[in-house]
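Note that the protein sequences, when read in sequence, are chains A and B. Residue numbering for the first sequence follows my numbering, beginning at 1 and increasing consecutively. Residue numbering for the second sequence follows my numbering, beginning at 10001 and increasing consecutively. Glycine included, C-beta positions come from ideal geometry on N, C-alpha and C. Reviewing the structure listed below.
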Amino acid sequence: MSNSHRTASGGRIDRTRSVTFTFNGKSYQGCAGDTLASALLANGVHLVARSFKYHRPRGILSAGSEEPSALIQLERGGHTEPNLRATQIELYEGLSAASQNAWPNVNFDVGAVNGLLSKIFVAGFYYKTFMHPQSLWMKLYEPLIRHAAGLGKAPKEPDPDRYDKMHVHCDVLVVGAGPAGLTAALAAARTGARVILADEQNELGGSLLTSGETVDGLPAASWIAKIEAELAACPEIRVLRRTTAAGYYDHNHLTLTERRTDHLPRGAAPHLSRQRLWNVRAKRVVLATGGHERPLVFADNDRPGIMLAGAVRTYVNRYGVTPGKRAVLLTNNDSAYAAALDMQAAGIAIAAIVDVRTAVNGPLAAKARAAGITVLENRAVVATEGGKRLTSVDVMPLAADGGGVVGMARTSIACDLLAMSGGWNPAVHLYSQSTGKLRYDEAAACFVPHKATQALHCAGTCNGRFALPDCLAEGVAAGTEAAREAGFTADAPLPVPRAEADAEEPLRPLWVVPSTQLVGRGSGKHFVDFQNDVTAADVLLASREGYQSVEHLKRYTTMGMGTDQGKTSNVNALAILAQSLSAPIPQVGTTTFRPPYTPVVFGALAGRDVGELADPARVTPMHRWHVENGAVFEDVGQWKRPWYFPRAGESMHDAVNRECRAVRNGVGVLDASTLGKIDIQGPDAAILLNRMYTNAWSKLDVGRCRYGVMCKEEGMVIDDGVTTRLGPNHFLMTTTTSNAAKVLDWLEEYLQTEWPDLRVHLTSVTEHWSTASIAGPKARDVVAALAPDLDLSADAFPFMAMKEAVVAGVPARIFRISFTGELSYEINVPAYHGLRLWTEIMKAGAPHGVTPYGTETMHVLRAEKGYIIVGQETDGTVTPQDLGMDWIVSKQKADFVGKRSFTRQDTSRADRKQLVGLLTQDPTMVLPEGAQITAQAGGTVPIPMLGYVTSSYWSETMGRSIALALIAGGSRMIGQTVHAPLADKNVACAVVKPVFYDPEGVRLHG
Amino acid sequence: MANAVDLPRVGAVARFASAFAVPPDRAGGALTLVEMIPPGQINLRCDGHDPRAARAVGGVLQGLLPVNANTVQSAADVTVLWLGPDEWLILTAPGQEGAVMAQLREALTGLHAAVTDVTGNRALLRLSGPSARETLQKGCTLDLHPRGFRPGQCAQTVLARAGIILHQRDDAPTYDILPRRSFAEYVWLWLSDAMAEYNGRAISG
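Here's what the structure looks like:
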């Protein structure tokens, strides 16, 4: 295949494997091993994006994850993903990508008119412009801004891909597989330590893939292969390619995102998750994250064709791509000379190296000169030309202090590529996330790690050591030391691989390249943050307006607030601010880096917690029957409980009414398996109950049951339920469904912290027992059919008693307790026989018309009896007395949890909200739950609110609506009329006692 | 009383489990998930450092009563998992729990102890095969590497969003996973999903 800008040989791409892809609807060819960026450059495509604010034509700046400009919308439909860096997208057959932030297209973008209006789009533009009137903000300003600015489009369809997570522990985690990371990983892995090596690229090697330097006498590629093989031979190494360390949290917990199938055509590996989020706990971390080259800030430094010098070198050496035919280099340091030499070797004509330093005489410069390259010292690029592609640059001599230019004469140099280098920043992002402190290195003009706060080591460029021999040596040292600290040493230490590097001359910081006009004057723009279109003029304006803190500068100008977090812009911006404030750079400081290092897709964060796996659905042993018999389910916490069992053609209202009639007139059965059950054993069990419940337990007979209410220290009800004495020192407590775990914890906490002297053991048996509650006048007939040997007479088996018996062939506990007000038996069998119990009840009950009923009917029936539901009639601010349950609060007991609070002034107020019943004047009107209650119908707003409705139902039994409410001073208002002002009408209600049905309890005891 | 142990015990994932052939997983072995017939389960609370209690329990449980945290001791028909300094879970052959409980109560007479039948409390799922560890690591934050978790160890932990007791049985590796019974369907679905990558199959017990 042929590409206009592909070298004939060299690089790590496979020229024999052609890959077809489309960009902005046009088909192109690339090679296996290309990134989208390298493939576009190989085809001579530089214009790939429009900038965020001014819609300026933008090209590809870098070759890595720091890319601020070449942001791409990848794929379409559910697979689409915005804001991806073209420099990181591995090419695959059929890839489809498009430019963002351009309309109608990247070549002709209407939004480019913003560039003409740039004088008003200055720092703080939003704050200054869209102030008044406030009412226009939501309606006009924000939608307009959102349309004009902004990046890619989020998908509208559900994500079709799979994501998962992995949790692993290791002795040493090495982040970055360049020369420092490779040697660190090998040094650590040779000790037998568990080592994870993660690198964001598809292959190991890091900067060696660009520089091609010789290590241990081997060409870079061979040396990398040798180290990979040695790593693979280590017993406990895990190498994660295409894996970005995104977050560094407390206790050496790091999250890594592995792109498992992103390099394959979509849908090619359906059995694999597309991305995997690794949660790693590492005893030691080695950060070998390398560095990022800084752009230089000069007028119109953003045209397509202006790239970082190191990136150009990467495209030439690694991808066999020549991003231009004729290049100028602009630099303040020696690294661009190495790039120039490689570019020239690949066939790019080097017009000149423009160096801002006054005199350059190091070995690299000598090599360049020997290769016939013109070196222009003490000069700078002051302007660039070219619309959608660079055509020429203007060069002028610099004044001695670098603060201006000499004369007015410019030299124009024709070129289609400008490779720039403003020095290098260590990639300290993860180090900074770990809360490590940074130090400003004056010589290298960058921030380097200073004081670590977590168990980590930095090595190589990340540590401010840029030369290859230093990287290799630091890698060995860091890996060896990290393993040693984790408890591992090697029999023979890893020798430091040999490499050579040319001595480099000092760089010359020139944070803003001067020209004949002041920064901000004229049409030239000096971009600092390419992603957010922040210029040097914006930084200077912010400084003039009083922004002295870099954190304020960041928020005011939005510098560094793009998805790239300012990887290429932060240091330039704060240096310009420092210069403007005449303050040293360390004093201005740097902004805080936060996770993630590069954006993480939401899918990876969700993992498999989607669909039916989003949350556990807890089911009872009878669940299968409920499903097969058409139950509609209600979510109660995580439980799936049958809500009602509709028959064909029945509405919910019909079904619930039928179920209610069945229980009141015949017999019904409820799956009550979800109730919490705590087995309490020990000589002090009754004492514990006495202290936790408000009523007395010591004298409860064996085999008898008692209802109890549990309060917190402040006297508010937290739970209720029936507890049964199984033996002298043995009780079974039931709790509400949703509080089962909380009550057990609550009892354990008191036992372990307050009363460790009590000899009591608690065991949760919630799930051991499954429970069917048979209720109704014919309940006795059904139970008699199931347990023929059991004497069910009221004398032998009275209300609030428990018997053990064989029911349907299964040993069972039968509790004669009731939540419906009807004769009721709760039959408990072990869970593995629960389904059998249920089906046997349905069989035995069939002649009696046994009717399965759900939670809605249960709620109606209990409300008819005025039985409370904790969490419905209570909300953590309700005492037993408020509920009219004074009778359950012992006056004799010395103490119990909550007792002291009942004598507090507030809990004994007469006007506390108290539980009452409400009967609407219109009996067919069912009040909405939560409706507010007032004394008067209407009146001047705000109308004083007395309280609110807690429960409200149609009572089939009463043939009218009923409601429970908490009303201020309600217990003294029985007989009075109150009002529920609803949106469309006012509903008058009579206040009544909160028991609507069988207040004497005749049916219960029958 | 009718004899209830003759009745078949219904597993917690009976709604889903159906028989499959077991293909080799991608790591070369077979990765299988099976629900075991619910074993007898007894929760024992007593002071393990009281020599009288240790002697009493040991006499019934063939000398088994692990005192090291998160360890398991097993004999032919009984497995004892350490859950806490004064708490153990005893697994017996299905139906044997009644006899064992009676012996334990007898032996512990006069001591402060609680012997509770929890046979229905938890389901027992068994995951086995070369990819079993990696399958669990997708949802369990514990260090399951052989250096961190070995056969004979157990833990009360969380798998995805459900609390479980985890017990490694052997180096296959084989894990016993005991979720609360109501969570068993969720855990089963979650494991089946996590196993798919390795060609793993969930099969009936």
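Determine the direct distance from the alpha carbon of residue j to that of residue i, and round the result to whole angstroms.
{"i": "A/Ala-796", "j": "A/Leu-790", "result": "9 Å"}
{"i": "A/Glu-659", "j": "A/Ser-951", "result": "19 Å"}
{"i": "A/Val-1009", "j": "A/Ala-229", "result": "This structure leaves residue 1009 of chain A out entirely; chain A is present only between 1 and 1006."}
{"i": "B/Arg-10126", "j": "A/Met-622", "result": "23 Å"}
{"i": "B/Pro-10024", "j": "B/Ala-10030", "result": "Only weak support is given to the placement of B/Pro-10024: the predicted model assigns it a pLDDT of 49, under 50, and the question is left unresolved by the model."}
{"i": "A/Cys-170", "j": "A/Ile-196", "result": "7 Å"}
{"i": "A/Ala-419", "j": "A/Asn-317", "result": "15 Å"}
{"i": "A/His-253", "j": "A/Asn-695", "result": "49 Å"}
{"i": "A/Ser-69", "j": "A/Pro-928", "result": "56 Å"}
{"i": "A/Gly-566", "j": "A/Glu-66", "result": "8 Å"}
{"i": "A/His-859", "j": "A/Gly-866", "result": "10 Å"}
{"i": "A/Pro-994", "j": "A/Tyr-948", "result": "14 Å"}
{"i": "A/Gly-854", "j": "B/Gln-10103", "result": "41 Å"}
{"i": "A/Met-559", "j": "A/Pro-295", "result": "15 Å"}
{"i": "A/Gly-152", "j": "A/Arg-618", "result": "40 Å"}
{"i": "A/Arg-909", "j": "A/Leu-919", "result": "26 Å"}
{"i": "A/Phe-488", "j": "A/Phe-466", "result": "28 Å"}
Which residues share a DSSP beta bridge with residue i?
{"i": "B/Gln-10168", "result": "B/Tyr-10175"}
{"i": "A/Gly-947", "result": "A/Ile-933, A/Ile-967"}
{"i": "A/Glu-474", "result": "DSSP output for A/Glu-474 lists no bridge partner at all."}
{"i": "A/Cys-989", "result": "A/Thr-920, A/Val-978"}
{"i": "A/Met-307", "result": "A/Ala-419"}
{"i": "A/Lys-325", "result": "Answer is none; A/Lys-325 lacks a bridge partner."}
{"i": "A/Cys-705", "result": "A/Thr-724"}
{"i": "A/Glu-157", "result": "Paired residue(s): none; A/Glu-157 is not in a bridge."}
{"i": "A/Ser-515", "result": "Answer is none; A/Ser-515 lacks a bridge partner."}
{"i": "A/Ile-13", "result": "DSSP output for A/Ile-13 lists no bridge partner at all."}
Hey, residue i and residue j: beta-carbon distance below 9 Å or not?
{"i": "A/Glu-1009", "j": "A/Phe-996", "result": "Only positions 1 to 1006 of chain A appear in the structure, and residue 1009 of chain A is not among them; the question remains open."}
{"i": "B/Val-10118", "j": "B/Gly-10139", "result": "no"}
{"i": "B/Ala-10113", "j": "A/His-768", "result": "no"}
{"i": "A/Arg-58", "j": "A/Val-48", "result": "yes"}
{"i": "A/Ala-805", "j": "A/Arg-836", "result": "no"}
{"i": "A/Ser-770", "j": "A/Gly-871", "result": "no"}
{"i": "A/Asn-301", "j": "A/Arg-508", "result": "no"}
{"i": "B/Met-10036", "j": "B/Leu-10124", "result": "yes"}
{"i": "A/Thr-590", "j": "A/Val-550", "result": "yes"}
{"i": "A/Leu-468", "j": "A/Ala-499", "result": "yes"}
{"i": "A/Tyr-707", "j": "A/Gln-433", "result": "no"}
{"i": "A/Arg-1003", "j": "A/Gly-849", "result": "no"}
Would you grab the beta carbon distance between residue i and residue j for me? Rounded to a whole angstrom, and I think it's under 8 Å.
{"i": "A/Asn-24", "j": "A/Ser-99", "result": "6 Å"}
{"i": "B/Gln-10041", "j": "B/Arg-10122", "result": "6 Å"}
{"i": "A/Arg-50", "j": "A/Gly-111", "result": "7 Å"}
Just mark residue i as buried or exposed, buried being the case when its beta carbon has 16 or more other beta carbons within 10 Å.
{"i": "B/Asn-10068", "result": "exposed"}
{"i": "B/Ala-10021", "result": "Low per-residue confidence applies at B/Ala-10021: pLDDT is 37, beneath 50, and the placement is therefore not dependable, though the value from the model is reported in the following sentence. So B/Ala-10021 counts as exposed."}
{"i": "A/Gly-959", "result": "exposed"}
{"i": "A/Asn-629", "result": "exposed"}
{"i": "A/His-979", "result": "buried"}
{"i": "A/Trp-643", "result": "buried"}
{"i": "A/Gln-681", "result": "buried"}
{"i": "A/Ser-515", "result": "buried"}
{"i": "A/Lys-451", "result": "exposed"}
{"i": "A/Phe-527", "result": "buried"}
{"i": "A/Thr-557", "result": "buried"}
{"i": "B/Arg-10052", "result": "exposed"}
Between residue i and the ligand MG, is there a pair consisting of the residue's CB and a ligand heavy atom that are separated by less than 8 Å?
{"i": "A/Ala-399", "result": "Because no ligand of any kind appears in the structure shown, any question about the ligand MG cannot be addressed here."}
Under 8 Å between beta-carbons, which chain C residues line up against residue i? List them in chain order, please.
{"i": "A/Met-166", "result": "This model lacks chain C altogether; the protein chains it does include are A and B."}
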